[in-house]
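K.L.:
Protein chains in written order, with this note's numbering: chain A, 114 to 641; chain B, 1049 to 1308. Would you mind keeping the following structure in view while I ask a few things?
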């Protein structure tokens, strides 16, 4: 008995059974009235000019932070990516050795979530706009570096060798042979990073690093729901506009899609791309000036409160197995919820066009709404704990995975689904058999990658308490326990690296085509 | 008025499929322009016409994927059902052979054959089909009917050769047990020998009372058909017994196009 492809897609949703069984147990009875008020306020957001002004100001800061952090991460990532590429080292020096070392070094900044970078920097240099920018640029930069070097090392090298044989110098040969095929993939990938940067900038705000997130949290905690929805709707508008703009550019420049089963041809609109880049530079300068980002201020470290002598026995006495176990449990539940619910919801609403739009709206809210705020909202009715944190993280990632699944299902399996419908099959079964069959492998491969992201992200719901390493870390941060902090950050990083390795293996296993059927599924590394 | 299947062979009381004044609008000129057509049980009808004549549109109207802008489709003398369930029951009686076959690559041959029964199956059976081999005897029988080895049943479709795929697609059609077979240019990308073989097979599978409606590029393959219908620019040009078709009619049908 071996489940067939369409079933794989639904299996993660089985996690719903234990989750639904446990929910009544962690519900504390009260708070439904508040949730009702929150939901009702969605239809009547505050239009007070004062509120609108402050929300727009916050939104501007968040967007600015996202843009600057994103640009910084790209610059950093491309440079470091080239520096950690095997083919570059081999061409320039004859040995690929140093590339591997740089890669391993970059794993550390990558494995630490931007929120932790932000909170650590906050302690070192105090509150200033540059903190959030750098907090995004560091881990994103290390991530972009990995993708760039993976892409570089995966490019065919025949042209490069031909140029080298012709006597071209190493840098010139690399630029000519590898530059043109690399560029469109990097640009396409960087578009997705910008969407991520906007989400991260909002999230950092929730933790007080500036921008709209701060206002969202304050309005939620003071139960000012109409004001909260003013911010949410505006943020939603900005996010959807950004996604639409990036999607339009990707189509216009014929860029590869994220879950693309077939690699598209290299985009031909070189001039427009260069033009867009040139517009971006002064824009970045203007944003930096408007936000008052001063890199020099980052070097003026503030005096830290006196740290007590390290107490390693107390560190060792932390309940490590419980902390790690809870973190993993939270990750698994959240990942299974997100991966499994997206196709399940699509199946449920398939017969009704209006349902499709409802699901899209729900997913957009999930992407936009920072998980710690969902967690706070859930606390109105649930007790703090692993499950509450997992629900919050799961909802956020459901929004991301769901959108991806929809995007991919618009191009894959259309003909098979139509054939089934023509033979009288119901709309749900036609979707399950016709479309999900082909999508199963690439979708689950992306889900494996997402699980790895969720593990890293689990720190952000630490504030609802008892969620494992995340909440312990936030506690250590606020009590200036340097020794605990160090141990916890390292443990987190180690766990994330292990998780990354596992998810890489799972992805390779899922993507390897079982029967050499002549159409290899090239869901490459570009959708990280 | 109902009749048993045995009687239907001798007494075609109601037409299987009737298209009445079907119009499907397109950009500029209509894709189908007041086309009327009647198909009796057991009839084998070939649809000829240059590309863009509306052959595919007509087949899509016939299998219910496309709703005509004007006109009426009757199935067994009754207007096509509006309710989704009844509509699906009707669609289940019409089997389509697609030019690109539309097999589900990731599933086994048996799962693909059983997918033809999904219209009749509920969710439990549809899900079970993705876990266990169901209805092995029936699936093996349709494979054998097409001279395929029943050992192929648990092979994934992606592991089959081109010729095997073609036959598995036909086997899936048989498994659906339709009363009407539709095929949209099934012979298009095949070499002449394979095309002749496939056509012979299709004509054989469409044994009365099952009817066959097939769109065709090549007028030289009309031998096995009872009737031939010519479409040009969305309009019906002729509808007559295939034996009485004159070369001049074909020339007129394809005038101005590069085809035959």
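Glycine is no exception: its CB is placed at the ideal position from the N, C-alpha and C atoms.
Find out if the Cβ-Cβ distance for the pair residue 1087 of chain B, residue 1093 of chain B is shorter than 8 Å.
P.N.:
It is a contact, given that the beta carbons lie within the stated cut-off.
K.L.:
Would you call residue 565 of chain A buried or exposed, if buried means 16 or more other Cβ atoms sit within 10 Å of its Cβ?
P.N.:
With 16 or more other Cβ atoms within 10 Å, it is buried.
K.L.:
Report the residue ranges of all beta strand (DSSP E) runs contained in full by the stretch 245 to 304 of chain A; include only those spanning at least 3 residues, in chain order.
P.N.:
Listed in chain order, there is nothing to give.
K.L.:
Relative to the C-alpha of residue 617 of chain A, which residue among A/573, A/259, A/388, A/162 is closest?
P.N.:
When each option's Cα is compared against that of residue 617 of chain A, the closest is A/259.
K.L.:
Short of 7 Å in beta carbon distance, which residues of its chain neighbour residue 574 of chain A, apart from the five on each side in sequence? Order them along the chain.
P.N.:
Once the five neighbours on either side are set aside, the close Cβ partners of residue 574 of chain A are 484, 485, 488, 502, 505, 506, 580, 583.
K.L.:
I want to verify the contact list: residues of chain A whose CB lies under 8 Å from the CB of residue 1143 of chain B, in sequence order.
P.N.:
What residue 1143 of chain B touches in chain A: 536.
K.L.:
Where DSSP assigns a beta bridge to residue 1065 of chain B, which residues make up the other side?
P.N.:
According to DSSP, which records beta bridges pairwise, residue 1065 of chain B is partnered with B/1087, B/1123.
K.L.:
Would you call residue 1237 of chain B buried or exposed, if buried means 16 or more other Cβ atoms sit within 10 Å of its Cβ?
P.N.:
By the neighbour-count rule (16 or more Cβ atoms within 10 Å), residue 1237 of chain B is not buried but exposed.
K.L.:
On a Cα-Cα basis, can you pick out the residue from A/261, A/493, A/193, A/550 that is closest to residue 336 of chain A?
P.N.:
Out of A/261, A/493, A/193, A/550, A/493 has the C-alpha closest to the C-alpha of residue 336 of chain A.
K.L.:
Taking the straight line between their C-alpha atoms, what separation do you get for residue 385 of chain A and residue 605 of chain A?
P.N.:
Cα-Cα distance, rounded: 42 Å.
K.L.:
Is the beta carbon of residue 231 of chain A less than 8 Å from the beta carbon of residue 209 of chain A?
P.N.:
No. Outside cutoff.
K.L.:
Does residue 556 of chain A come within less than 8 Å of chain B when only Cβ atoms are used?
P.N.:
Residue 556 of chain A does not count as touching chain B.
K.L.:
Can you give me, in chain order, the residues of the stretch 1194 to 1226 of chain B that have a beta carbon less than 7 Å from any beta carbon in chain A?
P.N.:
Correct list: 1204, 1206, 1207, 1224.
K.L.:
Would you mind giving the Cβ-Cβ distance between residue 1250 of chain B and residue 1234 of chain B, rounded to the nearest angstrom? I have them listed as a contact below 8 Å.
P.N.:
Contact holds; Cβ gap of about 7 Å.
K.L.:
Please confirm if the stretch 1101 to 1116 of chain B is in contact with the stretch 1267 to 1283 of chain B, defined as three or more CB-CB distances below 8 Å between the two stretches.
P.N.:
Touching, per the Cβ criterion.
K.L.:
Pick helix, strand or coil for residue 435 of chain A, following the three-state DSSP scheme.
P.N.:
Residue state, collapsed to three classes: helix.
K.L.:
From the DSSP output, which residues share a beta bridge with residue 1071 of chain B?
P.N.:
In the DSSP output, where bridge partners are listed per residue, residue 1071 of chain B has B/1118.
K.L.:
Answer yes or no: does any C-beta atom of chain B fall closer than 8 Å to that of residue 547 of chain A?
P.N.:
At least one chain B Cβ lies under 8 Å of residue 547 of chain A.
K.L.:
Measuring alpha carbon to alpha carbon, tell me which of A/450, A/447, A/508, A/449 ends up nearest residue 476 of chain A.
P.N.:
Cα-wise, what sits closest to residue 476 of chain A is A/508.
K.L.:
Please list, in chain order, all residues of the same chain as residue 1183 of chain B whose beta carbon is under 7 Å from its beta carbon, the five residues on each side excluded.
P.N.:
If we look at residue 1183 of chain B and ignore the five residues flanking it on each side, its Cβ neighbours are 1162.
K.L.:
Do residue 1246 of chain B and residue 1212 of chain B come within 8 Å of each other at the CB atom, strictly closer than that value?
P.N.:
Not a contact, by the Cβ cut-off of 8 Å.
K.L.:
Can you give me the Cβ contacts of residue 1118 of chain B inside the same chain, cut-off strictly under 6 Å, excluding the 5 residues immediately before and after it?
P.N.:
So the list reads 1071, once near-sequence residues are dropped.
K.L.:
To which residues does DSSP link residue 1081 of chain B through a beta bridge?
P.N.:
BP columns for residue 1081 of chain B are empty, so no partner.
K.L.:
Could you tell me the distance, in whole angstroms, from the CA atom of residue 1207 of chain B to the CA atom of residue 538 of chain A?
P.N.:
Those two C-alpha atoms are separated by around 25 Å.
K.L.:
For the stretch 1227 to 1246 of chain B, which residues have a CB atom closer than 9 Å to at least one CB atom of chain A, in sequence order?
P.N.:
Per Cβ criterion, the list reads 1230.
K.L.:
Pick out whichever of A/548, A/598, A/466 has its Cα sitting closest to the Cα of residue 1032 of chain B.
P.N.:
Outside the shown range of chain B, which is 1049 to 1308, sits residue 1032 of chain B, and nothing can be said about it.
K.L.:
Establish whether the CB of residue 1112 of chain B and some CB of chain A are separated by less than 8 Å.
P.N.:
Yes, residue 1112 of chain B lies at the interface with chain A (some Cβ there is under 8 Å from its Cβ).
K.L.:
Beta carbon of residue 74 of chain A, beta carbon of residue 517 of chain A: below 8 Å?
P.N.:
Past the boundaries of the shown model lies residue 74 of chain A; chain A is included only from 114 to 641, so the question cannot be answered.
K.L.:
What does residue 1146 of chain B touch in chain A if you count any residue whose Cβ is under 8 Å from its own?
P.N.:
528, 532, listed in chain order.
K.L.:
Check whether chain A comes within 8 Å of residue 1070 of chain B, counting only Cβ atoms and requiring the distance to be less than that.
P.N.:
False, the Cβ-Cβ gap to chain A never drops below 8 Å.
K.L.:
Determine the chain B residues that contact residue 550 of chain A at a beta-carbon separation under 8 Å, and present them in chain order.
P.N.:
In chain order: 1152, 1153, 1154, 1155.
K.L.:
Between residue 1062 of chain B and residue 526 of chain A, what straight-line distance do the alpha-carbon atoms span, to the nearest angstrom?
P.N.:
If I take the Cα positions, the gap works out to 37 Å.
K.L.:
Please work out which residues of its chain come closer than 6 Å, Cβ to Cβ, to residue 155 of chain A, disregarding the five sequence neighbours upstream and downstream, and give them in chain order.
P.N.:
Only 342 meet the Cβ criterion.
K.L.:
Short check: CB of residue 1124 of chain B to CB of residue 1067 of chain B, under 8 Å?
P.N.:
In this structure, residue 1067 of chain B does not lie closer than 8 Å to residue 1124 of chain B by Cβ.
K.L.:
In chain order, which alpha helix (DSSP H) runs of at least 4 residues are fully inside the stretch 125 to 193 of chain A?
P.N.:
Taking only runs of at least 4 residues, the alpha helix (DSSP H) segments lying wholly in the stretch 125 to 193 of chain A are 129 to 139, 145 to 154.
K.L.:
Looking at C-alpha atoms only, which residue of A/542, A/559, A/221, A/251 is the closest neighbour of residue 521 of chain A?
P.N.:
Ranking the options by Cα distance to residue 521 of chain A, first place goes to A/559.
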